[in-house]
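Student:
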Amino acid sequence: SIQIGSGGTTNVDISTATSLIATATRYHVAFVAEGTTARLYIEGVQRASGTITGTRVNNQSYCRIGYLQATYPRYFYGKIDNFRVRAGECLYPGGTTFTPPTSFTTWNRLSYLSSITTAETNNAQGVASDGTNLFFSSSGTLYKYTKAGVLVTSRSVSGDTPTGKDQINGLKYHDGRLFVCAADFSTVGTSWVVEYDPSTLTYIQHWTITGDWFIEGLDYHSGYFWAVFHANKVVAQLDATDFSVIATHDLSFYLSGSSGGFGSGQGYDGIAWYGEHIFCNVHTIYTEDFCDVYGWTGSEFVEVARLRWPTTKSHQGICLDPSESNILWFAERAPSGTDGIAKVEIVGEGSWALTNTRLSGKLSFELESVRDGAASWQPHAHVVLRTGYGYNYGYYYGGT
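Each position in the sequence shown, counted from 1, maps to that position plus 2 in my numbering.
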């Protein structure tokens, strides 16, 4: 479905849009408001029309393009390259031929390669790689596999210190050491980082994580550990020696639910640094979800892209392979059948920096000769979007 509306309601709805647009293809879309009639054009051809309700000039009404707030997220999951509001006649350069002004990045950027089967069902938690082997966690067991899927060893951690932990989560292999996230979900704010021997998977030592969080994922970058949490949209920057919290950084992509204890919201399962960007896997229990990409400015994380995983299982911990270029591993949980460790390649035209400057699914706009409140004002919005990439979650407030 394609929905475009103003005045807080949907005015134009193409419910058969799948027959008009294809995934990963660029289109020119025009929404034309003329009097009380709204028209939707795709590639210069009118495909739908509707009656406009409400005003389009004050700050109380807004224009939705490819998005309906009540059932977030829906429709284009796309990124908008250019958004303009004009008074008077709009021209469609080149007649029926439209050439986008800039190149674009590939829509999903995660390409499935393979998967190995684990000994677990509906229990996958975390994954880490030393370049040769994969470390995998269920809620109470550590596993070590070769990257070909051969089990090397496994061990239950239920009797290990710290006492009170009821689940182990994400993993991180760094500098010859294996670090495991652990939590007591019955007590808010009780989390640990536990070190295990990467050869025998035996307990070595642990550190308590301070703060009202349940730690889910861990990675190392530029002299610090970085952690993400259950039902909290933050990244914590941790001291590399004692795991004390140095700073917390808010994350801004939309997640359902509220922050707080177990079961109260989404948060993130895993974190993986990729250059100066982080991949954060959205927490879910039984279904596929998103992987959010943020760029690090040196002081904060900014939205870059929201990606869909290329498999349909629930995706938990993630890690970047230290010996293979552009390879991500992620623990995939299956509500039926066996859990796996999936291998995906980060692909795509262009760079993440280009993606970051190209709106990340948000609206950007130019106003050209708009006469605010004038009776003859007939805004024409020319929108260029690429379907299937990220999502469009915002809305444009009219007026100034």
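In this text, a Cβ means the ideal position worked out from N, Cα and C, and glycines have one as well. Note that the structure is predicted; figures quoted are calculated from it, not measured.
Taking Thr53 as part of the beta strand (DSSP E), name the residues at either end of that continuous run.
Tutor: Along the sequence shown, one-based indexing puts residue 53 at 51. Thr53 -> beta strand (DSSP E) spans 47-53.
Student: Can you tell me whether Ala355 is buried or exposed? The criterion is at least 16 other CB atoms within 10 Å of its CB, across all chains shown.
Tutor: Your numbering for residue 355 matches position 353 in the sequence shown. Since pLDDT at Ala355 reaches only 48, below the 50 mark, its modelled position is unreliable, and no value is offered.
Student: Let me make sure I understand the geometry here. Which of Gly225, Glu278, Leu253 has the alpha-carbon closest to that of Asp244?
Tutor: Start at 1 with the first residue of the sequence shown, and residue 244 comes out as number 242. Per the Cα distances, Gly225.
Student: Have a look at Lys167, Ser131, Val34, Glu278 and flag the residue whose alpha-carbon is nearest the alpha-carbon of Thr143.
Tutor: For the purposes of this step, residue 143 is taken as residue 141 along the sequence shown, with counting starting at 1. Answer by Cα proximity: Lys167.
Student: Going by DSSP, what residue range makes up the beta strand (DSSP E) through Asn135?
Tutor: To locate residue 135, count along the sequence shown from 1; it is residue 133. Element bounds for Asn135: 135-139.
Student: Using three-state DSSP, classify Ile2 as helix, strand or coil.
Tutor: This structure cannot speak to residue 2, because the chain is shown only from 3 to 402.
Student: Is any non-hydrogen atom of the ligand GTP found closer than 7 Å to the C-beta of Gly277, if you look at the structure I gave you?
Tutor: Inclusion of the ligand GTP in the displayed structure is not the case, the ligand content being empty and no account of it being possible.
Student: Would you call the CB atoms of Ile280 and Phe303 closer than 8 Å?
Tutor: On the sequence shown, position 278 is the one that residue 280 refers to. On the sequence shown, position 301 is the one that residue 303 refers to. Yes, the Cβ-Cβ distance between Ile280 and Phe303 is below 8 Å.
Student: In whole angstroms, what separates the C-alpha of Tyr270 from that of Thr39?
Tutor: Looking up residue 270 in the sequence shown gives position 268. Looking up residue 39 in the sequence shown gives position 37. Those two C-alpha atoms are separated by around 44 Å.
Student: Where does Asp323 sit, in a helix, a strand or coil, going by DSSP?
Tutor: Translated into positions along the sequence shown, residue 323 becomes position 321. Of the three classes helix, strand and coil, the one that applies to Asp323 here is coil, per DSSP.
Student: Is it the case that the Cβ atoms of Asn171 and Gly319 are separated by a distance below 8 Å?
Tutor: For the purposes of this step, residue 171 is taken as the residue at position 169 of the sequence shown. For the purposes of this step, residue 319 is taken as the residue at position 317 of the sequence shown. Yes, the pair counts as a contact, with Cβ atoms nearer than the cut-off.
Student: Count the CB pairs spanning the stretch 124-144 and the stretch 153-160 that are closer than 8 Å, and state whether there are at least three.
Tutor: Segments in contact, yes.
Student: By the 10 Å Cβ neighbour count, where 16 or more other Cβ atoms means buried, how is His317 classified, buried or exposed?
Tutor: By 1-based counting over the sequence shown, the position of residue 317 is 315. Per the 10 Å Cβ criterion, buried.
Student: Where Cys183 and Ser246 are concerned, what is the direct C-alpha to C-alpha distance, given to the nearest angstrom?
Tutor: On the sequence shown, position 181 is the one that residue 183 refers to. On the sequence shown, position 244 is the one that residue 246 refers to. If I take the Cα positions, the gap works out to 14 Å.
Student: Any idea if Gly339 is buried or exposed, counting beta-carbon neighbours within 10 angstroms, 16 or more meaning buried?
Tutor: Here residue 339 refers to the residue found at position 337 of the sequence shown. Exposed, because fewer than 16 other Cβ atoms sit within 10 Å of the Cβ of Gly339.
Student: Are the beta-carbon atoms of Val295 and Val284 separated by less than 8 Å?
Tutor: As a position in the sequence shown, residue 295 is number 293, starting the count at 1. As a position in the sequence shown, residue 284 is number 282, starting the count at 1. No, they are not a contact pair.
Student: Just the C-alpha distance for Gly151 and Asn234, rounded to the nearest angstrom, thanks.
Tutor: Counting from 1 along the sequence shown, the entry for residue 151 is found at position 149. Counting from 1 along the sequence shown, the entry for residue 234 is found at position 232. C-alpha separation (whole angstroms): 33 Å.
Student: Please state if the CB of Gln268 and the CB of Leu257 are separated by a distance shorter than 8 Å.
Tutor: Reading the sequence shown from its first residue, position 255 is the one you call residue 257. Reading the sequence shown from its first residue, position 266 is the one you call residue 268. Taking 8 Å as the Cβ cut-off, Leu257 and Gln268 qualify as a contacting pair.
Student: The beta strand (DSSP E) with Val304 in it runs from where to where?
Tutor: Taking the first residue of the sequence shown as position 1, residue 304 is located at position 302. Per DSSP, Val304 belongs to the beta strand (DSSP E) from 303-310.
Student: Use the C-beta contact count for Tyr114: other C-beta atoms within 10 angstroms, 16 or more gives buried, fewer gives exposed.
Tutor: Here residue 114 refers to the residue found at position 112 when the sequence shown is read from its first residue. So Tyr114 counts as exposed.
Student: Can you round the beta-carbon distance between Ala130 and Leu180 to whole angstroms, since I take them to be within the 8 Å contact cut?
Tutor: In the sequence shown, residue 130 corresponds to position 128, counting from 1. In the sequence shown, residue 180 corresponds to position 178, counting from 1. Between Leu180 and Ala130 the Cβ distance is about 7 Å, and since that is below 8 Å, they are a contact.
Student: Rounded to whole angstroms, what is the Cα-Cα separation between Ile44 and Thr53?
Tutor: Within the sequence shown, the letter at position 42 stands for residue 44. Within the sequence shown, the letter at position 51 stands for residue 53. Each residue's alpha carbon lies about 18 Å from the other.
Student: In angstroms with no decimal places, state the Cα-to-Cα distance between Val230 and Leu220.
Tutor: Mapped onto the sequence shown, residue 230 falls at position 228. Mapped onto the sequence shown, residue 220 falls at position 218. Approximately 7 Å, taken between the alpha carbons.
Student: Report the three-state DSSP secondary structure of Arg111 (helix, strand or coil).
Tutor: Position 109 of the sequence shown holds residue 111. Here Arg111 sits in coil by DSSP.
Student: Go ahead and pull the three-state DSSP assignment for Phe181.
Tutor: Translated into positions along the sequence shown, residue 181 becomes position 179. Phe181: strand per DSSP, three-state reduction.
Student: I need the DSSP call for Lys174, collapsed to helix, strand or coil.
Tutor: Mapped onto the sequence shown, residue 174 falls at position 172. Strand, per DSSP.
Student: For Ser51, which residues from the same chain have a beta carbon less than 8 Å from its beta carbon, with the 5 sequence-adjacent residues on both sides left out?
Tutor: Along the sequence shown, read from residue 1 onward, the residue named residue 51 stands at position 49. Taken in chain order, the residues that qualify are Val14, Thr39, Ala40, Arg41, Leu42.
Student: Just to confirm before moving on: does the CB-CB distance between Ile211 and Ser193 stay below 8 Å?
Tutor: Within the sequence shown, the letter at position 209 stands for residue 211. Within the sequence shown, the letter at position 191 stands for residue 193. A contact, by the Cβ cut-off of 8 Å.
Student: Going by alpha carbons, who is nearest to Glu347 out of Leu112, Ala185, Arg49?
Tutor: Your numbering for residue 347 matches position 345 in the sequence shown. Selected option, being the one with the closest Cα: Leu112.
Student: Would you list the residues sitting across from Lys345 in a DSSP beta bridge?
Tutor: For the purposes of this step, residue 345 is identified with residue 343 of the sequence shown, where counting begins at 1. DSSP lists Ser116, Trp331 as partners of Lys345.
Student: Measuring straight from C-alpha to C-alpha, what distance separates Trp215 and Thr134?
Tutor: Taking the sequence shown and counting its residues from 1, the one referred to as residue 215 is at position 213. Taking the sequence shown and counting its residues from 1, the one referred to as residue 134 is at position 132. Distance between the alpha carbons of Trp215 and Thr134: 32 Å.
Student: Span of the beta strand (DSSP E) holding His208?
Tutor: Position 206 of the sequence shown, counted from the first residue, corresponds to residue 208. From DSSP, the beta strand (DSSP E) with His208 extends over 205-211.
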